[in-house]
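Under the working numbering, think of the first position of the sequence shown as 233, with each following residue one higher.
Ideal Cβ positions, reconstructed from N, Cα and C, are used throughout, including at glycine.
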Amino acid sequence: MTDIRAVIFDMDGCLVDSEPMSLETLAEMMAVEGLHATPDELRRKFLGMSIQAIVRHLSEALDRPDLPDFARIFEERLLARYPSELRVIPGIPALLDDLAARGVTVAIATGSSVRRLGITLDVAGLAGQFGDRIFSADQVRRGKPAPDLFLLAAQSLGIAPEACAVMEDSPHGITGARAAGMRAVGFTGGSHLVGMQDDHARRLSEAGAAIVLPDLDGMAAALLDRPGRV
233 MTDIRAVIFD MDGCLVDSEP MSLETLAEMM AVEGLHATPD ELRRKFLGMS
283 IQAIVRHLSE ALDRPDLPDF ARIFEERLLA RYPSELRVIP GIPALLDDLA
333 ARGVTVAIAT GSSVRRLGIT LDVAGLAGQF GDRIFSADQV RRGKPAPDLF
383 LLAAQSLGIA PEACAVMEDS PHGITGARAA GMRAVGFTGG SHLVGMQDDH
433 ARRLSEAGAA IVLPDLDGMA AALLDRPGRV
């Protein structure tokens, strides 16, 4: 069995509890364009995808070649909410400290933009734990569910994909991690999944998650593939 040397975290919904804000903002902006969907419907379709990929889907639905300002306005409205509303997922600081004490490298691979990634970590107070080991969909041609972002992270870290584990809350992310040859662990502890954890856990398992956890208890052992060990 290959020892896990690096853990790659999704950001939104895994490190920070930002998905409800994202889904609400997206639903509001889509309604202005004449596309109506609930945050739950958007979660099922778009969770884990970059805003650029989402805009491409919306352009097709509207039969319009582009929506030039949609991504920019979405990000501005979302980030305006962060200083007062963004919260770190409970238990994340302790998990990061635990992994660091074990000598495990930690990194981020997110569908968010480079700008949103930096602002999120600053507001959440997590920038110091990751340094420059942060990777955005802006840096690859294909975002999740393609494996490109995870492979970029592994290459930049100098660690083989099979020695990396990924913590993800979206089926798209689990699919991408598995396509990259990495261990994938699902997480359903974000507030955007309250009341639907069982259904979402099933979808994560179907996407290829080795295990799905509803909270961070036992997450280090699950990521490192060491059942029963602390």
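Ignore the nearest five residues each way along the sequence and tell me which others in residue i's own chain have a CB closer than 7 Å to its CB.
i: Q371; result: L384
i: D298; result: S291
i: V462; result: Its pLDDT being 33, under 50, V462 is placed unreliably by the model, and the measurement read from it follows with that caveat. The answer, listed in chain order, is A453.
i: P459; result: The predicted model places P459 with a pLDDT of 49, which falls under 50 and marks its position as unreliable, so this point remains unresolved.
i: R309; result: T257
i: V444; result: G418, T420, A433, L436 and S437
i: A269; result: A259 and M262
Nearest-angstrom Cα distance between residue i and residue j?
i: L267; j: L353; result: 31 Å
i: G173; j: S423; result: As displayed, the chain neither begins before 233 nor continues past 462, which places residue 173 out of reach and without an answer.
i: G335; j: V287; result: 39 Å
i: G408; j: V264; result: 32 Å
i: V426; j: L389; result: 34 Å
i: A433; j: G323; result: 20 Å
i: P393; j: P300; result: 36 Å
i: S344; j: D364; result: 16 Å
i: H289; j: K277; result: 10 Å
Which residues in the same chain have their Cβ closer than 8 Å to the Cβ of residue i, if we skip the five residues on either side of it in sequence?
i: D457; result: M233, I236, A397, R415 and A442
i: L318; result: V248, D249, S250, M253, T352, V355 and A356
Going by CA-CA distance only, name the one from the options that's closest to residue i.
i: P325; options: S316, G357, F278 and G422; result: G357
i: A454; options: R348, E265 and E400; result: E400
i: E307; options: V417, E260 and A238; result: E260
i: I283; options: R313, S368 and D329; result: S368
i: M451; options: H432, G427, A341 and L328; result: L328
i: I321; options: G421, H432, S344 and A341; result: G421
i: G440; options: R410, P379, R313 and K277; result: R410
i: G360; options: A332, L310 and A386; result: A332
i: M428; options: R304, P446 and I305; result: P446
i: D449; options: D330, F302, A303 and I305; result: D330
i: R347; options: R304, A285, D430 and G413; result: R304
Is the Cβ-Cβ distance between residue i and residue j less than 9 Å?
i: F362; j: A395; result: no
i: L381; j: I366; result: no
i: P271; j: L294; result: no
i: M262; j: L279; result: no
i: P403; j: R435; result: yes
i: V239; j: T342; result: no
Taking all protein chains shown into account, do 16 or more other C-beta atoms lie within 10 angstroms of the C-beta of residue i, making it buried, or fewer, making it exposed?
i: D242; result: buried
i: P377; result: buried
i: R296; result: exposed
i: S316; result: exposed
i: G418; result: buried
i: A312; result: exposed
Once the 5 residues before and after residue i are set aside, which same chain residues still bring their CB inside 6 Å of it?
i: G405; result: D242, G280 and K376
Got a sec: does the ligand COA put a non-hydrogen atom nearer than 8 Å to the Cβ of residue i?
i: L258; result: You won't find the ligand COA in this model; it holds no ligand whatsoever.
Is there a C-beta anywhere in chain C that falls below 9 Å from the one on residue i?
i: G266; result: Protein chains in the displayed structure number just one, and chain C is not present.
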